[in-house]
Amino acid sequence: MDLELRNQRVLITGGSRGIGLACAAGFLREGARVAIVSRSAGNLAEACARLAEGEGEFAKDVLAISADLTDIAQAARAVEQALAGLGAIDILVTSAGAAKRRPPDELTPQLWQDAMSAKYFSYINVIDPVVKRMAQQGRGAIVNIVGMGGKMANPAHLAGGAANAALMLASAGLANAYGKQGVRVNAINPSATHTERLQQGMEVDARISGTTVEQALARANARTGLGRLATPEEVADAVLFLASARASYISGAILSVDGATTPMVV
C-alpha cells in the first residue's frame, strides 16, 4: 500500500525518543522530509545518530530543533524553524511531554497544573500555530499521540489522564473547526508501550499496589487482550496511516492502539 508520504513535510514533537522517534523513522522510510523537536539537545543528537544508523541515506536531512514546548514563545520559534527548514508543514505529529505518574495522595494543585503544562499545553502551543498555517494553505494532517489515561482513569495517572482527556476533546473539536479548510485532526491512545517512560510508570504502579516493578510489569502485560505491551513501531504504524492519504476521510477520530486493554464501545 502506497501511503503517498514521499516528500511530505513532517514536524514531530517529542521526536528524539520512544514513539516520536519511531514515527520519525517510519516517515523517513516512506520518503518524507522530517523535523524533530525535543527539549534536550543531547537527545536530539543521539536521535539523529540513531536515525542515520537505522535509515541511512533517508535520514541525512533530518532537521533537529531544541525547544521547551511548555513555553509559548519557544514553541512558536520551533514552528518557525520547522517552516524555514521544510518550507511548509504538511503533517504534524505531537508526542512531546508527559505528566509524571504519582499516587493520588501525593498530588497537589500545583502538580495538577504542572501536568496540564507538561502534557496539554506542550501540545496546544504547537498545534495552535500549525493548524492555522495548515488552514491557510488549505491542507494538512495532525495526529496527536495522547494516551489511554484520558479514557480510563488510573490512580497513578490522574493528573496526566485529565490532560489526556482535554487533548482528546481538543482533537475532536479542532477536526470539526478546521475540516472545511482541508485540515484533518486525529488522536491516538496507546496503552503502555515499551519506551523509556515505561519504567517510571511501573515504579509508581508498584508503590501503589505494594508489589515489585517486575510484578507491576507482568500485570500490565496480563491486562492486555494480546497479552503483551506495544512496541513504539506498532504505534507509529497507526500514526503514519492516519497522517497519510489512505486516511483522507478520517478526521476527529480517537483511535485506541492498546491491544484490547480497554474492551469497550465508547
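Quick note on my numbering: the sequence shown kicks off at 87 and runs consecutively.
Cβ atoms here follow ideal geometry from the backbone N, Cα and C, with glycine treated the same way.
Keep in mind that this is a model prediction, so the values were computed, not measured.
Open item on the list: Using 8 Å for Cβ pairs, my map puts residue 257 next to residue 239. What's the rounded Cβ distance?
Closed with: No, residue 257 and residue 239 are not in contact; Cβ-Cβ is about 19 Å, not under 8 Å.
TODO: Flag this pair as yes or no: are the beta carbons of residue 233 and residue 250 separated by less than 8 Å?
DONE: yes
Open item on the list: To the nearest angstrom, how far is the alpha carbon of residue 237 from that of residue 319?
Closed with: 22 Å
Open item on the list: Within 10 Å of its beta-carbon, does residue 335 have 16 or more other beta-carbons around it, so buried, or fewer, so exposed?
Closed with: exposed
Task: For residue 268 and residue 220, the rounded distance between their alpha carbons - done: 8 Å
Open item on the list: Taking its Cβ as the centre, do 16 or more other Cβ atoms sit within 10 Å of residue 288, making it buried, or is it exposed?
Closed with: buried
- [ ] Starting from residue 276, trace the beta strand (DSSP E) both ways and give me its first and last residue.
- [x] 269-276
Open item on the list: Spatial neighbours of residue 262 within its chain, please: C-beta separation below 8 Å, excluding the five flanking residues on both sides.
Closed with: 338
- [ ] Identify, in the order they occur along the chain, each residue of the same chain with its Cβ nearer than 6 Å to the Cβ of residue 306, setting aside the five sequence neighbours on each side.
- [x] 278
- [ ] Give a yes or no on whether the minimum CB-CB distance between residue 203 and chain C is below 8 Å.
- [x] Although the question refers to chain C, the structure presented lacks it and comprises just one protein chain.
Open item on the list: Across the segment 113-129 and the segment 140-157, are there enough close Cβ pairs to call them in contact, namely three or more that are closer than 8 Å?
Closed with: These segments touch.
Task: Within 8 Å, strictly: CB atoms of residue 102 and residue 156 - done: no
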